[in-house]
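Inspection log for the structure reproduced underneath, given as structure tokens.
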Amino acid sequence: MAKAIVQFPKGFLWGTATAAHQVEGNNTNNNWSAWEKEPGRIMHGQSAGVACDWWGGRWKEDLDRAAETGQNAHRFSVEWSRIQPEPGKWDENAIERYRTILRGMHDRNLRPMVTLHHFTDPLWLVEMGGWENPETPAFFAKYVEKVVASLKEYVTEWVTINEPNVYSYSGYVSGDFPPGKKDMGTAFSVMVNLVKGHALAYHGIHNVQPEAKVGLAINYRSFYPASKSPLDIFVAKTQSAIFNDLFPKAAVDGKVRFLFKTVTIPEAKNTQDFIGLNYYTRDMVSFDITKPNTLFGRSFYRPEAELSSTGFIANEPDGFTEAIKWANRFGYPIYITENGVEDEKDTLRPKYLAYHIHKLWHMVNFNSNIKGYFHWSLVDNFEWERGWTQRFGLWGLDTETQQRIRRGSVDFYAEICRQNGLSSEMIEKYCPDAIQNIFPD
Ligand code: IFM
119 MAKAIVQFPK
129 GFLWGTATAA
139 HQVEGNNTNN
149 NWSAWEKEPG
159 RIMHGQSAGV
169 ACDWWGGRWK
179 EDLDRAAETG
189 QNAHRFSVEW
199 SRIQPEPGKW
209 DENAIERYRT
219 ILRGMHDRNL
229 RPMVTLHHFT
239 DPLWLVEMGG
249 WENPETPAFF
259 AKYVEKVVAS
269 LKEYVTEWVT
279 INEPNVYSYS
289 GYVSGDFPPG
299 KKDMGTAFSV
309 MVNLVKGHAL
319 AYHGIHNVQP
329 EAKVGLAINY
339 RSFYPASKSP
349 LDIFVAKTQS
359 AIFNDLFPKA
369 AVDGKVRFLF
379 KTVTIPEAKN
389 TQDFIGLNYY
399 TRDMVSFDIT
409 KPNTLFGRSF
419 YRPEAELSST
429 GFIANEPDGF
439 TEAIKWANRF
449 GYPIYITENG
459 VEDEKDTLRP
469 KYLAYHIHKL
479 WHMVNFNSNI
489 KGYFHWSLVD
499 NFEWERGWTQ
509 RFGLWGLDTE
519 TQQRIRRGSV
529 DFYAEICRQN
539 GLSSEMIEKY
549 CPDAIQNIFP
559 D
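What follows is the structure, encoded as structure tokens:
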């Protein structure tokens, strides 16, 4: 077998991504902490609890692990309810804590990317109607300006809102996220307010820090028609237009398009400096008259697809190529802000990683302007309505003892990061059954 290596451009960022509520622990003042107390909301009645105890200081050991295994970047989020526990009140101690964490990243040569909103809202905001309230975009922009003014010394890349598409779908259509509503009309108002919030934040950040680079992180789902039937094709296209396109397109031309409605938000025009792309999987979609909430689409995974531990993710690397081609059409630099798989036993992850990194390399060489890749995630963390049932970490976590468990993928990803590439030797070592597909004879 000939030895081969595919190489990434010099300066490529290799990191992992985390989010405040999922790793910090002891967040008690946001919508998720309240939601977790409601019976039946989270699998097995679980809650974030102390999570990975980052607020208690364990960010240090986890970031040591990241740095010692060749990573040069980390994406994390700051928690609005800590920074602004009440309207008009700023917690300078919390801000100082984030400064310390950011200094810790720089000390470890990890370039930070900071997300300003990752699914959680302060309780005071929820009491005022959350993102249904037309005043919320302005509240968000105030918080963002405060954060950016306080942390800009350490950060250039900012993600305003993580997965606004998932936030609005899960909170207002499927009802799996707080506030658990199932109402398309409300979902649409929330989407409009999220676009406004992003736009105001974008301008606010650039006022405070002109050199900042600002984007959204979109969860791109590949909706693939299950057959050649025009109905399947139509439904897959419609789902993609709303789930994938709505937010980044609104940030290009200021128009929020939802089925037959269009709302114009002039200040949202040209409010992206990069595209943040979160990619996990591809759905087969077929028309189903009984499913109005998913725009008459029924989704399933290809029967022959390899599935993650709980069946949540299918290993579909071609969908990643599609996602990057889609992102590239916007003409901005791209960061892969999340990609990964839940796999407690680490049986699928090495293969998932190899295939996805290979597709990434392919797209870099087809002139996609991709700046970096953040694997989700560094260490197992709280998976929202799925609680602790899904394990996305390179490192496992024993939630009782806070012990970290080194999975085999740690070493695989470390080799990728250190070599800034993917080689046939690595694949032979970590997932030999992928070799013929990735480096055929
Ligand atoms: O854990 C989440 C993250 O918060 C947002 N993107 C998807 C991940 C995996 O479910």
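Position in the sequence shown (first residue = 1) + 118 = the numbering used here. Backbone N, C-alpha and C define an ideal beta-carbon position, used for all residues, glycine too.
| Asked | Found |
| --- | --- |
| What residues are listed by DSSP as bridge partners for Gln521? | Asp516 |
| Using the C-alpha atoms, what's the distance from Phe405 back to Lys128? | 45 angstroms |
| Can Leu395 and Ser426 be called in contact, C-beta distance under 9 angstroms? | no |
| Please determine whether the Cβ atom of Gly458 lies at a distance below 8 angstroms from any heavy atom of the ligand IFM. | yes |
| Grab me the residues of Thr382's own chain with a C-beta within less than 7 angstroms of its C-beta, minus the 5 sequence neighbours each way, in chain order. | Gly372, Lys373 |
| Just to confirm before moving on: does the CB-CB distance between Lys184 and His139 stay below 9 angstroms? | In the sequence as presented, Lys is not what sits at residue 184; that position holds Ala. No. |
| Looking at the secondary structure, which residues open and close the beta strand (DSSP E) in which Pro343 lies? | 331-343 |
| Over the uninterrupted beta strand (DSSP E) stretch that includes Thr382, give me the two end residues. | 379-382 |
| Helix or strand or just coil, what does DSSP make of Ile219? | helix |
| Is Thr304 helix, strand or coil by DSSP? | helix |
| Report yes or no: do the stretch 235-245 and the stretch 273-280 share at least 3 C-beta pairs separated by less than 8 angstroms? | yes |
| Whole angstroms are fine: how far does the CA of His493 sit from the CA of Glu518? | 25 angstroms |
| May I ask whether a heavy atom of the ligand IFM can be found less than 8 angstroms away from the beta carbon of Phe510? | yes |
| What I want to know is whether the C-beta of Gln140 ends up closer than 8 angstroms to one or more non-hydrogen atoms of the ligand IFM. | yes |
| Between Ile201 and Lys264, is the Cβ-Cβ spacing less than 9 angstroms? | yes |
| Compare the C-alpha of Glu329 against each of Ser347, Ala267, Asp363, Leu364 and name the closest. | Ala267 |
| If the criterion is Cβ atoms closer than 9 angstroms, does the pair Arg176 and Pro230 meet it? | no |
| Would you say Lys477 and Ile452 are within 9 angstroms of each other, going by their C-beta atoms? | no |
| Measuring only the C-alpha atoms, how far is Asn227 from Gln189? | 8 angstroms |
| Per DSSP, which residues does Pro240 bridge with? Please list them. | Asn148 |
| For Pro343, which residues in the same chain have their Cβ closer than 7 angstroms to its Cβ, ignoring the five residues on either side in sequence? | Asp350, Ile351, Ala354, Val403 |
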